[in-house]
Amino acid sequence: MKYTCIECGRGAEELYRDFGGGNLKISHCDHCEQVVDKYVEFDPVLVLLDALLHKPQAYRHILLNSGIQFHWRLAIICLLCDAYIKWAHLKSADTTDTQQHMGFYALEWDFYLMFLLAMIELAVFLGCCMLLLQVSRRILPSNEVRFSSVVRALLLSSFGKLLVIPAVIWGETNSTVYLGLTRLFVFTCNSLAMRVTMDTRQDVACGLVATSLLVQYLTSLSIDKLLHIPT
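For the sequence shown, the positions run 1 to 231 when UniProt numbering is used.
Below you can see the structure in the form of structure tokens.
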């Protein structure tokens, strides 16, 4: 099946039928008899709002029916946000007041290092998700899904990392509560994206993402300790 019903998750041949002359008819699902994808008529802003509200239907539309392919560009922006948070934390931990100008340029180089570390953490997270996905296929019944689709789903559902931008504007880059809520939001988005893409139970998706995030966190701690980076 080329598309997916956003209501029941079953396959569908088409989202709508074009009769020519601008006459379109929205297709209905053969299984649940609901509209296959109501979001084809929605403004993108409304789709985004439903995604923010964690509606599975919106996630199915975005991940399975829309064909959006800018996930790698979004990933680069998210990496920049992660790197900036790490850089800001490193800057706040640096209490030396001497050689301010040299320190400024050093911090610029530190930003490049933080970007590299953010890339490593993302690679560890995605790699762990792929490994756990392969293991879960052997244990639990689930639909066959391409690894590229899972990577795309995880990258697109990490859009919550962009909340760093208002944190920069409000000067909250060192706020534990704000950053904690942001990470929680990204976790729930990743979990829902995995549930929709794998067509599995929510607890399985949450466990997979949580385990991958734990491995990512432990890797980050190990690298910080190795490079003597303040945590």
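A virtual CB, placed ideally from N, CA and C, is assigned to each residue, including glycine.
- Annotation for Asp18: the continuous beta strand (DSSP E) segment containing it runs Tyr16 to Asp18.
- Residue environment analysis places Val47 among the buried positions, since at least 16 neighbouring C-beta atoms fall within 10 angstroms of its C-beta.
- In the three-state DSSP reduction, Val35 falls in the strand class (E or B).
- Leu155 and Ile85 do not touch by the CB rule: their CB atoms are close to 18 Å apart, not below 8 Å.
- Taken through DSSP and simplified to helix, strand or coil, Gly160 comes out as helix.
- The three-state reading of DSSP puts Lys91 in helix, counting H, G and I together.
- Here Phe111 has Ala83 and Trp87 as same chain residues with Cβ atoms under 7 Å from its own Cβ, once five neighbours each way along the sequence are excluded.
- In its chain, beyond the 5 residues on either side, Gln202 and Ala205 have a beta carbon closer than 6 Å to the beta carbon of Arg195.
- For Lys38, the closest of Tyr3, Gln69, Phe19 and Phe70 by C-alpha to C-alpha distance is Tyr3.
- Around the beta carbon of Ser175, fewer than 16 other beta carbons lie within 10 angstroms, which makes this residue exposed.
- Within the same chain, Cβ atoms closer than 6 Å to the Cβ of Met130 are found at Phe147, the five residues on either side in sequence being excluded.
- In the three-state reduction of the DSSP assignment, Thr4 falls in the strand class.
- Excluding five sequence positions before and after Glu121, the CB atoms of its chain that fall closer than 7 Å to its own CB belong to Gln216, Thr219 and Ser220, given in chain order.
- Straight across, the Cα-Cα distance linking Pro166 with Phe185 is about 15 Å.
- Bridge partners of Gly11 according to DSSP: Thr4.
- When secondary structure is reduced to three states using DSSP, Ile26 falls in the strand class.
- With contacts defined as CB atoms closer than 8 Å, Leu132 and Ser212 qualify as a contacting pair.
- No residue range can be given for Lys55, since it is assigned to no alpha helix (DSSP H) and is classified by DSSP as neither H nor E.
- Residue state for Leu227 is assigned as coil, using DSSP reduced to three classes.
- Phe115 and Leu80 do touch by the CB rule: their CB atoms are close to 7 Å apart, below 8 Å.
- Contact fails between the stretch 2-16 and the stretch 67-81, because fewer than three Cβ pairs, one in each stretch, are under 8 Å apart.
- Following the DSSP letters along the chain, one finds Thr182 inside the alpha helix (DSSP H) bounded by residues Thr176 to Met198.
- Separation of Ala58 and Phe42 (C-alpha to C-alpha, rounded to the nearest whole angstrom) is 11 Å.
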